[in-house]
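Engineer: Here it is, the structure in full.
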Amino acid sequence: MTGQRSIIMHFPLLMIGERKPEDIIRDLNGLHKKEIKFINNEIKLIDLKNHQVITDKQILEYDYLIISLGVEYHPETVPGFREYALNAYQFEDVITISQKLHRFNSGRIVLFISSLPYRCPPAPYEIMFLLDCFFRKRGLRNEISLTLVTPDYSPEPLAGPKVGQSIRKMMAEKNIELITTAKVLEVEKDALILDLGARIPADLLLGIAPHWTPQILRDTDLVDSNGYVEVNPHTLETKYQGVYAIGDNAAIKLPVIGADAPKAGIFVHYQGEVVARNIARLAQGLEPKFRYTGKGA
Ligand SMILES: Cc1cc2nc3c(=O)[nH]c(=O)nc-3n(C[C@H](O)[C@H](O)[C@H](O)COP(=O)(O)OP(=O)(O)OC[C@H]3O[C@@H](n4cnc5c(N)ncnc54)[C@H](O)[C@@H]3O)c2cc1C
């Protein structure tokens, strides 16, 4: 963590030059205006027994703890990713992607999702539609092929079949190729290698690197078999009283479909509200009455 933070959800616009890095960076030190102390340390250990968070510089005691550490990217787990692909979810790579796109005049761009689950399920589709728009505006669209490769059986399966069909239709209308149920085995200099011997040639390879929760969480007994923090889906409290988890690092089972809530900022926002309001009530000796309902958009 740094004293500044880039707003991830603007990465697709940063890619096509509709945002500049300075437009999407916020200074977190301004939080003191709301009487929130921002400590810019790296957390090394969460000591649940002793109610302490141990950082590289100090030990923090807590009465309540909200864990929101997100995920870490692991491009090294896909052979060839680091050498031949750029991570569309990582700030420095997005800057490079933007530079390359502005020089790209013809050829095939392939965006691939390395593994499931991945944060912000709509983002790869958003990126493809923005690329279509970017090249159309430059009068180059006929020179460019766009391909999206996903392990999902359909676009955004959690949003239901209607959404999937409508995204497929929009992609077909814009001549964006979609390859579903794809298992990425390797990235080569000029191609993506899928299982069953499929080889997708590419002039520019953009990927979403595999990602999962930070090791410091995996070292605790808070996580489920997939490494995400188990919580009560209504209160977002873990099995440790007063310890909550929200956001991409949490496994929040949606009651209707039994799957985990999508990993998107809008969901984190509502989760944060529930936890904050309940802690405020507890601090006043009141019942924590707020419940997370899976609300999102
Ligand atoms: C390209 C893209 C587009 C997106 N677009 C949207 C969108 O349009 N709408 C939407 O709702 N969501 C969107 N999302 C998803 C959204 O950004 C995430 O769901 C959200 O940021 C998750 O918040 P979080 O707090 O769980 O994790 P993060 O935002 O990742 O925050 C975790 C923080 O913890 C810090 N951290 C981790 N480990 C340590 C440690 N050991 N010590 C100290 N600090 C640590 C990290 O540095 C980071 O600052 C998008 C995501 C991407 C990648």
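The sequence shown begins at 329 in my numbering and counts up by one.
Yeah, the Cβ is synthetic: ideal placement off N, Cα and C, and Gly gets one too.
Source: prediction; values computed, not measured.
1) Evaluate Q418 with the Cβ neighbour count: other Cβ atoms within 10 Å of its Cβ, from every protein chain shown; 16 or more gives buried, anything less gives exposed.
2) Cα-Cα, which of K377, K511, H379, Q386 is closest to E370?
3) Please tell me whether, using a cut-off of 6 Å, the distance from the CB of E404 to the nearest non-hydrogen atom of ligand 1 is below it.
4) Among S396, A413, K517, whose alpha-carbon lies nearest the alpha-carbon of E404?
5) On the three-state DSSP scale, how would you describe K581?
6) R347: beta carbon under 6 Å from a heavy atom of ligand 1?
7) DSSP three-state call for I382: helix, strand or coil?
8) According to the Cβ coordinates, are G435 and D531 closer than 7 Å?
9) Looking at M337 and ligand 1, is the gap between the Cβ and the nearest heavy atom below 6 Å?
10) Rank P590, K365, A537, P340 by C-alpha distance to the C-alpha of F462 and give the top, closest one.
11) Taking the alpha carbon of I367 as the point to measure from, which residue in L373, I374, L359 has its own alpha carbon closest?
12) What is the rounded straight-line gap between the Cα of P529 and the Cα of L520?
13) Check whether the Cβ of A587 lies closer than 6 Å to any heavy atom of ligand 1, and answer yes or no.
14) Output the distance between the C-alpha atoms of T424 and L476, rounded to the nearest integer angstrom.
15) Alpha carbon to alpha carbon, how far is S482 from V602? Give it in angstroms, no decimals.
16) Can you list, in chain order, the residues of its chain with a C-beta nearer than 6 Å to that of P561? Leave out the 5 residues immediately preceding and following it.
17) Please report how far the alpha carbon of M329 lies from the alpha carbon of P485, in whole angstroms.
18) Can you check DSSP and say which residues form a bridge with L474?
19) If contact is defined by three or more beta carbon pairs under 8 Å, each pair taking one atom from either stretch, is the region 552 to 561 in contact with the region 456 to 472?
20) Just to confirm my understanding: we take L373, look at its own chain, exclude 5 residues before and 5 after, and list those with CB closer than 6 Å. What are they?
21) Is I425 near ligand 1, in the sense that its beta carbon is under 6 Å from a heavy atom of that ligand?
22) By alpha-carbon positions, which one of P479, I472, H430, L533 ends up nearest to I632?
23) Below 8 Å on the Cβ atoms is my guess for I394 versus Y598; work out the distance and round it to an integer in Å.
24) Taking the alpha-carbon of L522 as reference, which of P542, T478, A537 has the nearest alpha-carbon?
25) Once you ignore the five residues that flank G570 on each side, which residues in its own chain have a CB closer than 6 Å to its CB?
26) Straight-line CA distance for E411 to I352?
Structural biologist: According to the data block:
1) buried
2) Q386
3) no
4) A413
5) strand
6) no
7) strand
8) yes
9) yes
10) P340
11) L359
12) 6 Å
13) no
14) 19 Å
15) 32 Å
16) I580, K581
17) Because M329 carries a pLDDT of 45, less than 50, the predicted location of this residue cannot be relied on, and the following value inherits that uncertainty. C-alpha separation (whole angstroms): 32 Å.
18) I437, I504
19) no
20) I382
21) no
22) Given a span of 329 to 625 for the chain in the structure shown, any question on residue 632 remains unanswerable.
23) The Cβ separation is near 14 Å, so there is no contact.
24) T478
25) Y392
26) 27 Å
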